[in-house]
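In this text, residue positions in the sequence shown follow this note's numbering: the first is 267, and each later residue adds one. Don't be surprised by glycine CBs; every beta carbon is placed ideally from N, CA and C. Here's the structure we're looking at; comments come further down.
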Amino acid sequence: RFGARSTLAVLLVAVFGVGAAAAAARTPVPDSLAAGLTGPDGRTLVAHGFNTASSSKTVADGLPDFTEDDLDAEHADMGTSFVRYLISWRKVEPSPGVYDQDYLDDVAERVRWYDERGYSVMLDMHQDLWGVGITPDGQVGNGAPVWATYMDGLPVEPQPQWELYYLQPGVIRAFDNFWNTTGEHPELMDHYAGAWRAVAERFADTDAVVAYDLMNEPYGGSVQGVAFESGPLTELYQRSVDAIREVDQDSWACLEPQALGFNWGLPSALGHVDDPREGDPRIAFCPHIYPLPMDLGDGFSGTSRDLVEGTVASWRDNVLRTSHELGDVPVILGEFGLDTTLPGALDYVDLMYDTAGELGFGVTYWSRDPGGWGPYEADGTPRNLIGAVDRAYPVAVAGTARSWSWEDGVFTLVTEPDASASAPTELYLPDSIGDDVHVEGAEILEWDAASRILQLEAPAGESEITVVVSAG
Ligand code: IDC
């Protein structure tokens with residue numbers, strides 16, 4: 267334990283140094299976030315759902331251990347309407363330049379399950395520790411195909427904690443070859459962009475697929491921090507967006523910062539990515555948060571609670587800064603989560619959803635897999651997380667959703683209504699509010715106590731409205 271702790275702490279200091287933090291401190295923090303992602307009908311979509319699922323990472327078919335019944339259960343229990351669905355480069359492009367349409371059919375079948383229940387989908391090109399090829403058993407890393415794994419004979423030794431494999435020489439070299447830091451593999455980033463083109467071509471006409479998360483938790487290998495994010499990472503994103511736009515004009519491209527550091531509350535130096543589509547750009551910023559004390563196994567109590575609250579505060583400022591730097595782009599928190607048996611865990615879950623509501627962005631919790639972090643046990647028994655995720659939230663807003671809160675059974679939403687929207691604002695209200703609801707600030711168009719969806723009509727001619735919903 268102590269070994270892992272000190273290694274990570276040393277890394278934190280070595281990689282980022284005081285310079286990056288000082289630079290961020292000089293940059294003003296914008297006081298509000300850009301409007302959220304718009305869906306196919308022009309309404310603002312608020313992501314509320316799960317990452318589905320880690321179980322797909324290393325299995326042969328690349329599919330999550332997840333059924334339509336599982337989806338029905340989460341919908342009934344938490345009113346989710348969005349998913350960050352994990353896909354992998356190894357499955358999309360099993361050999362160079364060959365795109366596996368059977369795999370994309372399997373993904374499309376799952377997308378259909380979501381679509382039939384009114385969900386929106388973000389496809390996440392997941393990777394951890396480069397790929398399945400970093401160890402002979404194929405069970406440690408995930409993401410990249412074996413054919414794209416060039417470790418140049420460098421070792422990968424067993425580690426006590428998965429994140430520590432990022433420091434293994436073989437893993438670092440695999441990334442260095444991908445980013446072409448070595449000068450030996452200029453082809454790999456283009457393959458990656460080509461894989462995205464194949465995915466986007468398959469889903470361009472599927473309205474439910476609204477976003478592509480271009481790379482899960484990018485890692486720079488031997489090039490870290492500012493040099494990595496403003497250099498090869500920005501370049502990869504630009505090539506991927508250009509490739510996607512050859513076939514798909516409408517879906518959002520979500521950019522993640524370097525995970526190491528940003529997830530602990532440090533700033534990002536990601537560069538601007540140009541969107542060649544006609545009309546407004548559809549680029550979003552989709553960071554994660556995993557405060558360092560929690561990486562090391564702590565919950566949300568005592569000293570850890572203070573440190574985590576500090577992390578969330580600086581993370582929040584850095585999200586605002588980066589969103590602004592990228593061109594006032596919308597934000598989705600693509601991952602946060604923890605072992606909810608730890609002390610104070612559900613308070614942390616509340617803190618993250620409250621923070622998201624204050625700034626007006628959606629969240630996908632890590633993850634939908636059963637067990638200590640998830641909403642269910644392996645046998646389907648509901649876990650304590652469900653009560654924390656089952657919150658009132660705006661599913662879709664006719665106009666701009668500025669902020670919302672869910673506290674003591676009262677839901678408050680501030681929006682800039684758009685009278686020309688083709689569909690009304692829809693709120694999800696959990697069972698705990700009861701079957702009769704009282705609304706101030708807008709008219710009820712329809713309230714369906716069974717589906718828990720409340721449709722609202724905004725008063726005409728207002729530039730900003732506040733809607734308050736409580737038990738009737
Ligand atoms: C974790 C899984 C764990 C698996 C590990 C490596 O929960 O079972 O062994 O990945 O594949 C992330 C990653 C996400 C991680 C998650 C939790 O994006 O893939 O899942 N996490 O550790 N970044 C920070 C935390």
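When burial is assigned at 16 or more other CB atoms within 10 Å of the CB, is residue i buried or exposed?
i, result
"H777", "Lying before the first or after the last residue shown, residue 777 is absent from the chain, which here runs from 267 to 738."
"Q405", "exposed"
"V377", "buried"
"W445", "buried"
"L711", "exposed"
"P330", "buried"
"P725", "exposed"
"N529", "buried"
"G646", "exposed"
"E495", "buried"
"E692", "buried"
"E483", "buried"
"N317", "buried"
"G727", "exposed"
Measure how close the beta-carbons of residue i and residue j come, nearest whole angstrom, since I'm counting them as under 8 angstroms.
i, j, result
"Y380", "A474", "6 angstroms"
"R463", "E512", "6 angstroms"
"L695", "A664", "The Cβ separation is near 17 angstroms, so there is no contact."
"G623", "S633", "In fact, because the Cβ distance is near 21 angstroms, the residues do not count as touching under 8 angstroms."
"P660", "W670", "6 angstroms"
"L480", "S506", "5 angstroms"
"F627", "G399", "That belief does not hold up - the Cβ atoms of F627 and G399 are roughly 35 angstroms apart, past 8 angstroms."
"D616", "G638", "At roughly 18 angstroms, the Cβ-Cβ gap does not stay under 8 angstroms, so D616 and G638 are not in contact."
"R309", "H341", "Rounded, the Cβ-Cβ distance is 19 angstroms, inconsistent with contact."
"V578", "T621", "6 angstroms"
"T447", "V489", "5 angstroms"
Quick one: what does DSSP say residue i is sitting in, helix, strand or coil?
i, result
"M417", "coil"
"Q721", "strand"
"V539", "coil"
"P660", "strand"
"W713", "strand"
"E730", "coil"
"I438", "helix"
"D307", "coil"
"H392", "coil"
"V465", "helix"
"S736", "strand"
"I751", "A question about residue 751 goes unanswered here, because the residues of the chain that appear run from 267 up to 738."
"N317", "strand"
"A301", "coil"
"H451", "coil"
"V585", "helix"
"E334", "helix"
"E601", "strand"
Pull up the distance between the alpha-carbon of residue i and that of residue j, whole angstroms please.
i, j, result
"V734", "T304", "23 angstroms"
"K323", "A519", "22 angstroms"
"L395", "A737", "48 angstroms"
"D338", "G328", "22 angstroms"
"G537", "G600", "19 angstroms"
"S580", "S361", "42 angstroms"
"Y631", "S320", "12 angstroms"
"V281", "Y432", "Confidence at V281 is low in this model, with a pLDDT of 46, below 50, so the placement of that residue should be treated as unreliable; the coordinate-derived value is given next. Whole-angstrom Cα-Cα distance: 13 angstroms."
"Q425", "N443", "22 angstroms"
"A325", "P498", "Sequence inspection shows Val at residue 325; the Ala mentioned does not correspond to that position. Each residue's Cα considered, the two are about 29 angstroms apart."
"N408", "V422", "14 angstroms"
"L612", "M618", "10 angstroms"
"L454", "G363", "11 angstroms"
"Y503", "D702", "47 angstroms"
"A414", "D583", "37 angstroms"
"E643", "A477", "29 angstroms"
"L370", "D514", "16 angstroms"
"L679", "V312", "12 angstroms"
"L521", "T500", "9 angstroms"
"A535", "H392", "21 angstroms"
"A509", "L389", "16 angstroms"
"P542", "T569", "47 angstroms"
"V295", "T588", "9 angstroms"
"S354", "E591", "29 angstroms"
"D372", "P557", "35 angstroms"
"D456", "A470", "20 angstroms"
"V358", "V437", "21 angstroms"
Could you check whether the Cβ of residue i sits closer than 8 angstroms to any Cβ belonging to chain D?
i, result
"F348", "In summary, chain D is missing from the structure at hand, where a single protein chain is found."
In chain order, which continuous runs of the beta strand (DSSP E) of length 3 or greater are located wholly inside the region 475-523?
At a cut-off of 3 residues, the continuous stretches assigned as beta strand (DSSP E) that sit fully inside the region 475-523 are 475-479, 518-521.
Go through the region 609-692 residue by residue and report every complete run of the alpha helix (DSSP H) that reaches 4 residues or more, in order.
For the region 609-692, whole alpha helix (DSSP H) runs of length 4 or above, ordered along the chain, are 611-625, 651-655.
Residue ranges of each alpha helix (DSSP H) run of no fewer than 4 residues wholly in the region 340-387, ordered along the chain?
Here the runs fully enclosed are 355-358, 367-382.
Where the beta carbon is closer than 5 angstroms to any heavy atom of the ligand ZN, which residues qualify, in chain order?
Looking at this structure, you won't find the ligand ZN anywhere; what it does contain is the ligand IDC.
Which complete alpha helix (DSSP H) runs does the region 528-578 hold, if anything under 4 residues is left out?
Given a length threshold of 4 residues, each whole run of the alpha helix (DSSP H) inside the region 528-578 is given here in chain order: 558-561.
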